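This report refers to the structure that appears directly beneath it.
Residue numbers (the working numbering), protein chains in the order written: chain A, 27 to 333; chain B, 8 to 337.
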C-alpha cells in the first residue's frame, strides 16, 4: 500500500480526471505506435507466401503458414550458424565488456587511487575526439589483423567511457567504505575485495550495463559490414545476414533493370522468410528487457547522482 | 565510441574530489589497483589511442607497396599532400549538400529530441494509474533496443512499393501507389518521425527517473500556497530538470556534425535516388572508404568532423557553465 502511493501522484496534487483520461489515451496510443510494427512483422512472418503475393503485407492474411520458419530451420549451415555466431559474440563480448568496465570503474572509485586523474583523462579524451572511421579500420585490419575474425566483432566495441563513469559513480555512492575497510583489515587484496565484497552488492548496475552491452552486441552490424568479407559467410552475425540478403536483392534488381537479364535460377529468400529472420532477432530482446526493467531504471537513477 | 552511445543520465565527469590534488603516496593498494585496471588501459591504448595517429591519413595520399608492411607504406611510401585532401574535398559541390543535410537533421532532432520527451515525462508523471504508466513506459522503451537494420525492415513492411501496407491502402482507396524509395520529398519527415519513434521512450524514462526523484515537499508547499499544476511545472519541475537538460544539450550540440549511420544508410535502403536528401557526413565517410576506396577524403572528413565536434562541445560546455555553474558536463 505504501509502495503504491509512492509511485503515483499524491491525492492532494492530482490533475483533473478529464486530463488524466487525455494523458492515458495519449500514452496508450504511443505504446501501440511502438508495438504495432513488431506485431505487423510477426503477422507477415506467419503469413503464407500465396497470401503475400496476392494481398501484399496485411494484418489479416488469407492463410497462415510456418513455412518461413521451417525454411530457416532447413538452412542450418547458414541461418542457424549465424544465429549461434550472434549468441556467441553477445555472450563473450558482454563478459569481456563487463570485466573491462567494472575493473576500471572500481579502480576509479577508490578515493586514494594514485592514477585516478590520469585514468580519468584517459577515458575522457576519447569521448571528445577520435581518429575516425578510416583510422580504426586501418589499424584493426592492418596492424591487429582482425579482418575476418570474431574478434573484429567483439573487441572494438568492448568498452565505453560512459559506462565506466556510471559504474564508478555507483561504487562511490552505493558501496559503503566500511565494507572495503573491513576487507582490508582481514588482509584481503584489492582483487578479492572487488570480486567477493563489492561485486555481489553491485548487481543492479552490473545487470543494467550487462543488459545494455549484450543488446548492443546482439544488434551490432557495423563491424561485420567493415571487417567480414563475403567469402567468410560462416562468420556472419544475424544482423548482417539481414543486410546481406537485402544487398543481394538490390543487386539483382539493379542488374535486371540495366541488362534485362533475369535470375530465375537463383532461389531468393521469400519475403516471409526475411520477416521471420527479423522476428528471430527481435523476440529475444522484446521478451527479456521487461524483466530487467526494474534493474535498469534503478541503474539509470543512480547514474544521475552527481559525482 | 561516440558520444551518441552515452546513456543520457549522469553527472559531472570530474567530481569535486578529483580536482583537489593532495600529495599522495604510492601504496600497495595502488599497485593492485593498477593491476586490476590494466586490461582496460591496454584496451584504451589499442583501440582509442593507436587509431588517433591514423589522422595522418588525412594529410597523405595513400599508396601501397604490397611487399612492405603497413607502417612503412603509411609513413614512407605514401606522399605528404598537406591540406590537399581538404582542398579537393571542398571543391566537390556535393560535400556542402551532405554538411547541410547533417546540420538540418541534427538541429531538428535536437529540438524534438529534448522538448517532446520532457513534455511526455511530465505528462506521464501525472497519470493516475501507476500500472498503466509502467506498461506504457516498457512499451515505448522497446525501439531503443532495436537496431536500424531491423527497423529498416519494419519500415519496408509499410513502404514497400508493391507489397507495403500504405500502398495497399492507397490502392484499395483507388489512388496510385507511391514509389517510396525513389521519391525524396517525404523522406525528411519519415526520418524525423523514425528518429523520434526510436528515441523518445528511452529519453522519457530518463527524465521520468529524475522527476520521481525530486523532493515532494517542494510540491507540497507549492500546493499549500495555492499553485496550480501548470505553475508547479513551470516553477519547480522544469528548473530542477535544468542540469540534465543542459547535459543533453551539450552532447547534442557536440554531435551536430555526426549522424546516425544506420538511420541514413539502411532505413533508406541506400537508395541512389534518395541520396540527395539523405546522405549525411557519416554516410559519405563510409562510402568514400568502402565503395570508392578514397582514403584521403574519408579520413579528412572524419578529422574535420571530430575536430569541429570537439571544439563545439567544449564551447557549449563553457557557455552552459557560465549561465549555470552546476550544469556543465565537465
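All C-beta atoms, glycine included, are put in the ideal place defined by N, C-alpha and C.
What you are looking at is a predicted structure, and each value in this text was computed from that prediction instead of being measured.
Residue i in three-state terms, based on DSSP
i                      : result
residue 278 of chain B : coil
residue 147 of chain A : helix
residue 334 of chain B : coil
residue 86 of chain B  : strand
residue 386 of chain B : Shown here, chain B extends from 8 to 337; a query on residue 386 of chain B therefore has no answer.
residue 194 of chain B : helix
residue 103 of chain B : helix
residue 329 of chain A : Here the model assigns residue 329 of chain A a pLDDT of 47, short of 50, so the residue's position is not dependable and the matter cannot be decided.
residue 45 of chain A  : helix
residue 12 of chain A  : Here chain A has residues from 27 to 333 only, and residue 12 of chain A is not among them.
residue 74 of chain A  : coil
residue 40 of chain A  : coil
residue 17 of chain B  : Reliability of the predicted coordinates at residue 17 of chain B is poor, the pLDDT of 47 falling under 50, and the value obtained from them is presented with this limitation in mind. Reduced to three states, the DSSP call for residue 17 of chain B is coil.
residue 32 of chain A  : With a pLDDT of only 47 at residue 32 of chain A, under 50, the local geometry of the prediction cannot be trusted, and no value is derived from it.
residue 268 of chain B : helix
residue 293 of chain B : helix
Residue i at chain A interface by Cβ criterion, 9 angstroms
i                      : result
residue 330 of chain B : no
residue 183 of chain B : no
residue 202 of chain B : no
residue 242 of chain B : no
residue 37 of chain B  : yes
residue 233 of chain B : no
residue 17 of chain B  : Model confidence at residue 17 of chain B stands at a pLDDT of 47, short of 50, so the residue's coordinates are unreliable; what they give is reported in the following sentence. Taking Cβ atoms only, chain A reaches closer than 9 angstroms to residue 17 of chain B, which makes this a yes.
residue 86 of chain B  : no
residue 12 of chain B  : In this prediction, residue 12 of chain B scores a pLDDT of 42, lower than 50, which makes its location untrustworthy; no coordinate-derived value is stated.
residue 154 of chain B : yes
Sequence-distant residues of the same chain with beta carbon closer than 6 angstroms to residue i, five excluded per side
i                      : result
residue 150 of chain A : none
residue 328 of chain A : Reliability fails at residue 328 of chain A, whose pLDDT of 49 lies under 50, so the model's placement of it is uncertain and no value is given.
residue 269 of chain B : 155
residue 116 of chain A : 240, 243, 244
Extent of the continuous alpha helix (DSSP H) to which residue i belongs
i                      : result
residue 276 of chain A : 264-285
residue 262 of chain B : From DSSP, residue 262 of chain B is part of no alpha helix (DSSP H); its letter is neither H nor E.
residue 241 of chain A : 229-244
residue 169 of chain B : Run containing residue 169 of chain B: none; DSSP gives neither H nor E here.
residue 190 of chain A : 187-200
residue 131 of chain A : 107-135
residue 91 of chain B  : 91-98
residue 93 of chain A  : 93-100
residue 140 of chain B : 137-148
residue 241 of chain B : Unbroken run through residue 241 of chain B: none, as it is neither H nor E.
residue 42 of chain B  : 35-51
When the options are compared against residue i, the one with the closest alpha-carbon
i                      : options                   : result
residue 247 of chain A : A/95, A/261, A/195, A/234 : A/261
residue 127 of chain B : A/49, A/280, A/138        : A/49
residue 171 of chain A : A/253, A/55, A/283        : A/253
residue 47 of chain A  : B/136, B/98, B/198, B/306 : B/136
residue 140 of chain A : B/62, B/42, B/64          : B/42
residue 364 of chain A : B/33, B/44, B/157         : This structure gives no information on residue 364 of chain A, because the portion of chain A shown stretches from 27 to 333.
residue 230 of chain A : A/51, A/201, A/116, A/80  : A/201
residue 265 of chain B : B/172, B/292, B/220       : B/292
residue 193 of chain A : A/43, A/219, A/228, A/173 : A/228
residue 278 of chain B : A/276, A/204, A/306       : A/276
residue 45 of chain A  : B/59, B/300, B/236        : B/236
residue 39 of chain B  : A/96, A/129, A/105, A/77  : A/129
residue 49 of chain B  : A/127, A/104, A/84, A/64  : A/127
residue 303 of chain A : A/215, A/82, A/96         : A/96
Cut-off 7 angstroms between Cβ atoms - residues of its own chain near residue i, not counting five sequence neighbours on either side
i                      : result
residue 107 of chain A : 260
residue 69 of chain B  : 85, 302, 303
residue 239 of chain B : 226, 229
residue 186 of chain B : 168
residue 109 of chain B : 264, 266, 287, 288
residue 12 of chain B  : Here residue 12 of chain B scores only 42 on pLDDT, less than 50, and its place in the model should not be relied on; the value that follows carries that caveat. Closer than 7 angstroms at Cβ, skipping near neighbours: no residue.
Residue i at chain B interface by Cβ criterion, 9 angstroms
i                      : result
residue 173 of chain A : no
residue 102 of chain A : no
residue 202 of chain A : no
residue 150 of chain A : yes
residue 297 of chain A : yes
residue 170 of chain A : yes
residue 121 of chain A : no
residue 285 of chain A : no
residue 281 of chain A : no
Neighbourhood of residue i by C-beta distance below 8 angstroms, restricted to the same chain and skipping five residues each side
i                      : result
residue 6 of chain A   : What is shown of chain A runs 27 to 333, which leaves residue 6 of chain A out entirely.
residue 290 of chain B : 105, 266, 268, 271, 272
residue 215 of chain B : 128, 131, 132, 144
residue 9 of chain B   : The pLDDT assigned to residue 9 of chain B is 41, lower than 50, so where the model puts this residue is not dependable, and the model offers no usable value.
Cβ-heavy atom distance, residue i to the ligand GDP, below 8 angstroms
i                     : result
residue 61 of chain A : As for the ligand GDP, it is missing from this structure, which has no ligand bound.
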